[in-house]
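First up is the structure itself, then whatever we jot down about it.
Chains as they are written, first to last, in the numbering used here: chain A, 3 to 600; chain B, 56 to 182.
Here it is, written out as structure tokens:
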């Protein structure tokens, strides 16, 4: 419970403070607060019922009722005499309800995110549950003997595991809850520079078209995705302090901690904004403001001091892992395509691709044009020059960081500026809701486009990497029919620091508690490299010839009892196993195969 | 006079802006380790059977002294089917061999070398 409160703290501190009088601000404030409260109580209820299945319906139901009540209240008492305000608030309310509704539809369709970090950290946390303690020594369930990752990534799935909730499903839900908050903070930032109607249309674009939390989240990189919300909160607080000299210190301290806790790489992205503020003071030769900014310096330090025990508690000896040259070389290979990209490719990535670099969209080109137009039209406005400085500094930073794949996903920063530009050019909220939302059916990376084009990973090989019903059926079969002390050889393996196999065989462990014959290397961990290579060698030989006696004996020496092959088979060929006398087919359905080693 | 002040103020702004640009770029570069060694890898498919493909590869690194070579063959996304570490020499041909199951896709060979510096290379292997 303490863990949950730490995570919820920034929102509760902020939303329990008195909101501004502006009607749109109040609606958003009330709506997000309602979400927070509903989320909190639903988690508590879920812990007792050990299920999250009904959660989306509850959230939708309660939030809609509450928001409608708030709207009716304001319509009656405050807005009835102001026609324009009334229209704005109604359109805004519809936008927010739609934003939530579409996210819930998306969540319902996705059900569970399987990819990348979600599965990886769920595995680690499940190991802790099986071992009944928090440890960085994971064998025999995983190869890592020590590891480091930003500890907040473990807190919440651990909460799920301890309380008996499926941690992968739990993380999926968290990504979506944060994605609903994201455009709200974009709205707050925009409101500092632009009028209410522009901020509202920026909210529209940020919510339905350019939401990096969803884009990165469905890819499975949930820590970074959730961290974005806390990063933006800090940016908002910095700006608020700069322009009003007021700061919510507790909110800042908690948010700063959560950036470091989820993905410290996001701290680097504060550079353009901090530098823009400093640049702004120096060009104005406003020493007082500059000194005021310096007064903020103790806050990050207080944050780190306050929360360092938590870091230590969850990863007591992880700080001693060595980033030796072999691991650095591995990380470099992981970023090969980025490192070898030419100038044109680099700029195309930064300006026009989704944060994972997989999709180029003309819509992002329109976003850039709108932002430049917005800057041109407001060139006389001194305050807005701050936005332009931030844009240019972000561009320089992103270009400089391009060689590192982990930093490279920070392209999403451009989306902030694009949302603002699009919101400025397309500022008619009713037009946006009627035409653009419909048009978004064919626009990548819009929310509706993703919802309509969701496919299981085995059909496309691309994101969103999601669970599908057939996968659940196999997991259920394993739970019911395969002994608990079994170990699975899975198809695929892992290199480049991730361990993502093609058919998500490694998820067998956290979903069924049956062990995996792991052969994954990690950049952020220590492990017995000889053991890893020995395992990989067995896998390679079995892939070429499943009847290879030496390899079968080796598998048995590792207590491997079963083989799992999914719809995307890479190394392991089901036909070779079907024709072998050393394996017995125990499951065959929807292109999933389980063999028992005889 | 007014014009001079304007010009000087503009000059100050531009200079300051450039200083900030250089500073940000330097910070970003400081965070990234460069791959400064040049590496060439050539592979030949020497044998194809019904079940596997065999390759021999030669790696040439433009550097001085000894190097460590890590080669990783990927068969889907980031999933490896081969991952080995060997010792090598700079400015010489360093040979190694590979054998993969025969499938309807290609393998991606990634090579990383290091001594005091780092180098990387990539090769698609058709099987």
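Where is the CB? At the ideal position from N, CA and C, for every residue including glycine.
Per-residue burial, residue i [other beta carbons within 10 Å of its own, 16 or more giving buried]
i, result
"residue 216 of chain A", "buried"
"residue 141 of chain B", "exposed"
"residue 434 of chain A", "buried"
"residue 440 of chain A", "exposed"
"residue 117 of chain B", "exposed"
"residue 105 of chain B", "exposed"
"residue 173 of chain A", "buried"
"residue 185 of chain A", "buried"
"residue 586 of chain A", "exposed"
"residue 163 of chain A", "buried"
"residue 537 of chain A", "buried"
"residue 530 of chain A", "exposed"
"residue 81 of chain A", "With a pLDDT of 48 at residue 81 of chain A, under the threshold of 50, the modelled position of this residue cannot be trusted, and the question is left open."
"residue 357 of chain A", "buried"
"residue 73 of chain B", "exposed"
"residue 70 of chain B", "exposed"
"residue 177 of chain A", "buried"
"residue 190 of chain A", "buried"
"residue 122 of chain A", "buried"
"residue 471 of chain A", "exposed"
"residue 77 of chain B", "exposed"
Beta-carbon proximity of residue i to residue j, cut-off 9 angstroms
i, j, result
"residue 578 of chain A", "residue 595 of chain A", "no"
"residue 426 of chain A", "residue 381 of chain A", "no"
"residue 134 of chain B", "residue 494 of chain A", "yes"
"residue 153 of chain A", "residue 124 of chain A", "no"
"residue 75 of chain B", "residue 157 of chain A", "no"
"residue 484 of chain A", "residue 516 of chain A", "yes"
"residue 154 of chain B", "residue 108 of chain B", "yes"
"residue 267 of chain A", "residue 226 of chain A", "yes"
"residue 149 of chain B", "residue 113 of chain B", "yes"
"residue 443 of chain A", "residue 451 of chain A", "yes"
"residue 406 of chain A", "residue 87 of chain B", "yes"
"residue 514 of chain A", "residue 480 of chain A", "yes"
"residue 149 of chain A", "residue 126 of chain A", "yes"
"residue 195 of chain A", "residue 334 of chain A", "no"
"residue 352 of chain A", "residue 420 of chain A", "no"
"residue 417 of chain A", "residue 366 of chain A", "yes"
"residue 229 of chain A", "residue 265 of chain A", "yes"
Contacting residues, own chain, Cβ-Cβ under 7 angstroms from residue i (five flanking each side not counted)
i, result
"residue 187 of chain A", "231, 234, 235 and 238"
"residue 348 of chain A", "401 and 404"
"residue 279 of chain A", "240, 244 and 295"
"residue 281 of chain A", "391"
"residue 337 of chain A", "405, 406 and 407"
Paired residues, beta bridge with residue i - DSSP
i, result
"residue 175 of chain B", "B/167"
"residue 140 of chain B", "B/125"
"residue 355 of chain A", "A/362"
"residue 112 of chain B", "B/98 and B/151"
"residue 283 of chain A", "Note: residue 283 of chain A sits in no beta bridge, so no partner."
"residue 591 of chain A", "A/594"
"residue 141 of chain A", "DSSP lists no partner for residue 141 of chain A."
"residue 444 of chain A", "Looking at the DSSP assignment, residue 444 of chain A forms no beta bridge with any residue, so it has no partner."
"residue 107 of chain B", "B/156"
"residue 489 of chain A", "A/517"
"residue 180 of chain B", "B/162"
"residue 147 of chain A", "According to DSSP, which records beta bridges pairwise, residue 147 of chain A is partnered with nothing at all."
"residue 586 of chain A", "A/598"
Residue i Cβ short of 8 angstroms to the ligand SAM heavy atom set
i, result
"residue 554 of chain A", "The ligand SAM is absent from the structure shown, which contains no ligands of any kind."
Close beta carbons around residue i, own chain, < 6 angstroms, minus the five adjacent residues each side
i, result
"residue 169 of chain B", "123"
"residue 291 of chain A", "283"
"residue 588 of chain A", "596 and 598"
"residue 491 of chain A", "519, 562 and 565"
"residue 125 of chain B", "140 and 167"
Beta-carbon contacts of residue i that lie in its chain and below 8 angstroms, excluding the five residues immediately before and after
i, result
"residue 273 of chain A", "395 and 399"
"residue 64 of chain B", "none"
Minimum Cβ-Cβ distance from residue i to chain D less than 9 angstroms
i, result
"residue 167 of chain B", "Reference to chain D is not applicable here, since the protein chains of this structure are A and B."
task = Check each residue of the region 535-563 of chain A: if its Cβ is closer than 8 angstroms to any Cβ of chain B, include it; give the result in chain order.
result = Result list: 535, 538, 541, 542, 545, 546 and 547.
query = Taking any Cβ of chain A, which residues in the region 112-132 of chain B have a Cβ under 8 angstroms from it, in chain order?
reply = So the list reads 123, 125, 127, 129, 130, 131 and 132, given in the order they occur along the chain.
query = When you check each C-beta in the region 327-341 of chain A against every C-beta of chain B, which residues fall closer than 9 angstroms?
reply = Correct list: 327, 328, 330, 331, 332, 333, 334, 335, 336, 337, 338, 339 and 341.
message = Using a Cβ-Cβ cutoff of 9 angstroms, what residues of the region 397-409 of chain A are near chain B? List them in chain order.
response = Of all residues in the region 397-409 of chain A, 398, 399, 400, 401, 402, 403, 404, 405, 406 and 409 have a Cβ within less than 9 angstroms of some Cβ in chain B.
request  = Taking only beta carbons into account, state which residues of the region 73-91 of chain B come closer than 7 angstroms to chain A, listed in chain order.
outcome  = Contacts with chain A (Cβ-Cβ distance below 7 angstroms) from the region 73-91 of chain B involve 75, 76, 79, 80, 82, 83, 84, 86, 87, 88 and 90, listed in chain order.
ask   = For the region 276-287 of chain A, which residues have a beta carbon sitting closer than 7 angstroms to at least one beta carbon of chain B?
value = Residues of the region 276-287 of chain A whose Cβ lies closer than 7 angstroms to any Cβ of chain B, in chain order: 277, 281, 284 and 285.
ask   = Mind listing which residues of the region 184-214 of chain A have their C-beta closer than 8 angstroms to chain B's C-betas, in chain order?
value = Here the close residues number zero.
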